[in-house]
Each structure stands twice: as structure tokens, then as C-alpha cells.
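Visitor: Below is one structure. I have some questions about it.
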Amino acid sequence: MASFHDFSVKDITGSAVALSEYKGRVCLVVNVASACGLTPHYGGLQKLHERYGDKGLSVLGFPCNQFGAQEPGTESEIQTFCETKYAVKFPMFSKIDVNGDGKHPVYEFLTSESTEPDGPGDIGWNFAKFLVDKEGNVVHRFGPQTEPESDEIIGAIDKLLA
């Protein structure tokens with residue numbers, strides 16, 4: 144059976160990262176964009192990183208330009224934007240596709256799993272949020288409109304970290 148930890152990705156600087164580095168941690172995986180009405184979610188994601196990072200949560204941002212061309216920049220431009228506008232300190236990765244023929248294998252996995260409250264299937268927009276447990280199983284999927292610091296996400300994080 145596949146696990147989130149079976150995949151490798153490139154970070155925002157182009158270095159290879161084995162997601163097995165996150166074994167034993169809860170991961171909140173989000174497809175992000177810098178020019179979206181939901182871009183302020185970066186602030187909430189950073190707050191989750193600060194609040195729960197030492198307790199075992201890793202927030203992981205995957206830039207994607209598939210929705211309204213709202214992530215047109217280079218990796219360097221994205222990194223600078225995130226650091227200067229939202230003081231992002233959580234890991235960011237290279238721009239990927241989350242839907243379609245070029246869908247990254249990580250998102251093939253994430254979107255194929257049975258999850259609550261949103262089920263499997265294509266990503267609808269920027270800032271879809273997946274919670275992955277310590278063993279690499281996708282256990283929750285939240286729609287783009289769900290705020291990072293919502294009761295639903297906080298409650299799910301607390302349960303997975305307990």
C-alpha cells in the first residue's frame with residue numbers, strides 16, 4: 144500500500160527531498176498560489192507552523208499555476224513573496240501540477256485517497272488542504288475555502304498529534 148512517505152519532491156530551491164523525512168510527523172499539504180483571493184491563507188498556515196511545529200506538525204506548500212494562472216512567478220519569486228509578505232518559514236516546494244496529465248505523483252496519491260470531509264478527486268482550486276498522519280496515510284481533505292485555523296482543521300490536527 145502506498146504512503147505519502149514513498150515519494151520524493153524538489154524543494155523551492157530545486158533540491159531533492161524524500162518525503163520519508165516526514166515519517167513520524169503530521170503533515171498539512173497545501174497547493175498554494177501568490178495571486179489568489181485565498182493567498183492570505185499563507186498567514187494562517189504560518190501560524191499553524193509556529194503553533195504546532197514543535198509538537199510534530201509540518202506544513203508543506205506546493206505552488207501551482209493551474210487555477211487562473213495565479214502562481215505565475217519563478218520559484219525564486221515565489222520564495223521571496225512568501226518570506227516578505229507572510230514571513231513563511233514552513234517548507235515550500237517547486238511549482239507542480241495538481242490536476243491533469245502532468246499531475247505530480249504526490250498529488251496522484253493525495254487525490255486518490257478516501258478522505259473526509261472532502262472525498263477523492265481533482266483539486267478544485269488553490270489552497271486545498273490535506274492532512275497526512277504520522278504513518279503517511281491521507282486522513283483528511285479540506286476544501287480551499289476552509290481557513291487554516293478553522294475549528295475543523297485545528298481539531299483534526301490535535302487528534303492526529305495526540
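Positions in the sequence shown are counted from 1; adding 143 to them yields our numbering.
Glycine included, each C-beta is placed from N, C-alpha and C at the ideal position.
With a Cβ-Cβ cutoff of 9 Å, do residue 169 and residue 300 count as a contact?
Guide: yes
Visitor: Taking the runs of the alpha helix (DSSP H) that are 4 residues or longer, which of them lie wholly in the stretch 213 to 257?
Guide: For the stretch 213 to 257, the full-length alpha helix (DSSP H) segments reaching 4 residues or more read 218 to 229 and 248 to 255 along the chain.
Visitor: With three or more C-beta pairs closer than 8 Å as the rule, is the stretch 211 to 223 touching the stretch 257 to 264?
Guide: no
Visitor: In the DSSP assignment, find the beta strand (DSSP E) that holds residue 167 and state where it starts and stops.
Guide: Careful: residue 167 lies outside any beta strand (DSSP E) and carries neither H nor E.
Visitor: Closest to residue 187 by CA distance: which of 159, 287 and 242 is it?
Guide: 287
Visitor: Check the DSSP bridge columns for residue 161 and list the partner residues they point to.
Guide: 151
Visitor: Return helix, strand or coil for residue 277, following the three-state DSSP convention.
Guide: coil
Visitor: Just how far apart, CA to CA, sit residue 234 and residue 172?
Guide: 10 Å
Visitor: Can you tell me whether DSSP reads residue 292 as helix, strand or coil?
Guide: Coil, per DSSP.
Visitor: Out of 253, 225 and 269, which has the shortest C-alpha to C-alpha gap to residue 149?
Guide: 253
Visitor: Mapping DSSP to helix, strand and coil, what is residue 186?
Guide: helix
Visitor: In the DSSP assignment, find the unbroken beta strand (DSSP E) run with residue 201 in it and report its ends.
Guide: Note, residue 201: beta strand (DSSP E), 200 to 206.
Visitor: Taking the Cβ atom as the reference point for each residue, do residue 242 and residue 175 lie within a distance shorter than 9 Å?
Guide: no
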